[in-house]
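Trainee: In my numbering, the protein residues as written are 4 to 252.
C-beta atoms are modelled at their ideal positions from N, C-alpha and C, and glycine is treated no differently.
Okay, here's the structure, questions in a sec.
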């Protein structure tokens with residue numbers, strides 16, 4: 004019986020080290036589901052004795068924790084800490100534990116946003132390796148350009164909330180026939196650039212937003228294999244809420 008190479012199997016099943024612990028899309032999606040269940044129960048005559056919207060700042064806290072608790076190479080202390088503090092302040096004010104003067108809070112938020120723009124920091128995580136096989140980008144209240152040149156792309160995810168950025172894959176490649184990229188844009192935009200030899204398939208749910216595939220594939224430049232031309236497909240799945248995702252060459 005042939006003996007399997009444990010190192011090879013480990014490489015296949017090893018989880019990317021840049022995955023977030025608290026997924027932003029999962030947090031927002033879960034909150035929307037809970038809000039829907041709450042209003043359904045209320046409309047059916049069940050009084051739950053609470054206002055679900057008083058707890059919306061928990062979203063900011065969980066997203067902030069997700070940025071702080073990432074692996075060290077992609078940890079985002081400044082952005083995560085800001086969202087946690089902001090969420091705690093909003094939550095305490097919403098629950099009437101403190102009385103916040105928002106005439107002071109909103110200017111501080113604007114100052115922080117301006118600071119992030121001046122730094123040209125999209126908060127995608129520090130020390131991003133352009134040769135990384137797995138993509139994990141988060142754009143919050145900012146924008147930036149990120150180029151990956153890996154020749155063994157495994158897939159990834161891109162999230163943009165009240166911000167946007169560019170993912171440039173024109174120098175990247177992958178060994179298998181297809182890879183998947185998950186995108187989520189909420190009040191933000193994502194631009195993805197791919198080689199002309201890739202075939203792009205997009206599926207998703209745009210809500211008051213758009214998902215545009217503007218690529219033109221050069222069929223005659225398909226990678227040749229023993230069985231004939233090999234078409235490489237990039238499958239983009241996502242959700243867009245009052246934002247946009249655009250893919251082009």
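So which of 147, 137, 191 has the shortest CA-CA distance to residue 176?
Mentor: Nearest C-alpha to residue 176: 137.
Trainee: Please tell me whether residue 146 has its Cβ less than 8 Å away from any Cβ of chain C.
Mentor: Looking at the structure shown, chain C is missing, and only one protein chain is on hand.
Trainee: Look up residue 57 in the DSSP assignment and say whether it is helix, strand or coil.
Mentor: Three-state result, residue 57: helix.
Trainee: Let's test the definition: count the other Cβ atoms within 10 Å of the Cβ of residue 217 and tell me whether it reaches 16, buried, or not, exposed.
Mentor: Exposed: under 16 other Cβ atoms inside 10 Å.
Trainee: At the level of alpha carbons, what is the spacing between residue 190 and residue 246?
Mentor: The straight-line gap from Cα to Cα measures roughly 5 Å.
Trainee: Kindly indicate which residue of 198, 27, 195 has the alpha-carbon position closest to the one of residue 72.
Mentor: Cα-wise, what sits closest to residue 72 is 27.
Trainee: Is it the case that the stretch 79-93 contacts the stretch 43-56, given that we only count it when at least three CB pairs across the two stretches are under 8 Å?
Mentor: Because the criterion of three Cβ pairs below 8 Å is not met, the stretch 43-56 and the stretch 79-93 do not touch.
Trainee: Tell me the rounded alpha-carbon separation between residue 182 and residue 173.
Mentor: Straight-line Cα distance between these residues: approximately 15 Å.
Trainee: Could you check the C-alpha separation between residue 219 and residue 250 for me, to the nearest Å?
Mentor: Taking the straight line joining both Cα atoms gives about 10 Å.
Trainee: What whole-angstrom Cβ distance do residue 205 and residue 244 have, given they're in contact under 8 Å?
Mentor: Not really, about 16 Å apart at Cβ, beyond 8 Å.
Trainee: Report the rounded CA-to-CA distance for residue 114 versus residue 87, giving the unit in angstroms.
Mentor: Their backbone Cα atoms lie some 17 Å apart in a straight line.
Trainee: Alpha carbons only, please: which of 235, 236, 59, 212 is nearest the one belonging to residue 248?
Mentor: Ranking 235, 236, 59, 212 by Cα distance to residue 248 puts 212 first.
Trainee: Around the C-beta of residue 105, are 16 or more other C-beta atoms found within 10 angstroms, so that it is buried, or is it exposed?
Mentor: Looking at its Cβ environment, which holds fewer than 16 other Cβ atoms inside 10 Å, residue 105 is exposed.
Trainee: Contact defined as beta carbons within less than 8 Å: I believe residue 155 pairs with residue 171. What is the distance between those atoms, to the nearest angstrom?
Mentor: 17 Å between Cβ atoms; not a contact.
Trainee: Under 8 Å by Cβ, that's how I've got residue 235 and residue 202 pegged, so tell me the actual separation to the nearest angstrom.
Mentor: Indeed they touch by this definition, with Cβ atoms about 7 Å apart.
Trainee: Roughly how many angstroms separate the alpha carbons of residue 178 and residue 214, rounded to a whole number?
Mentor: One C-alpha to the other measures close to 26 Å.
Trainee: Ordered along the chain, which non-local residues of its own chain (more than five positions away) have a Cβ less than 8 Å from that of residue 84?
Mentor: Closer than 8 Å at the Cβ level, and outside the excluded window around residue 84, lie 67, 71.
Trainee: Can the beta-carbon of residue 62 be found less than 8 Å from the beta-carbon of residue 31?
Mentor: Contact flag set, yes.
Trainee: Looking at the secondary structure, which residues open and close the alpha helix (DSSP H) in which residue 219 lies?
Mentor: Looking at the DSSP string, residue 219 is not in any alpha helix (DSSP H), and its letter there is neither H nor E.
Trainee: Return the bridge partner residues of residue 241 from the DSSP annotation.
Mentor: BP columns for residue 241 point to 186, 207.
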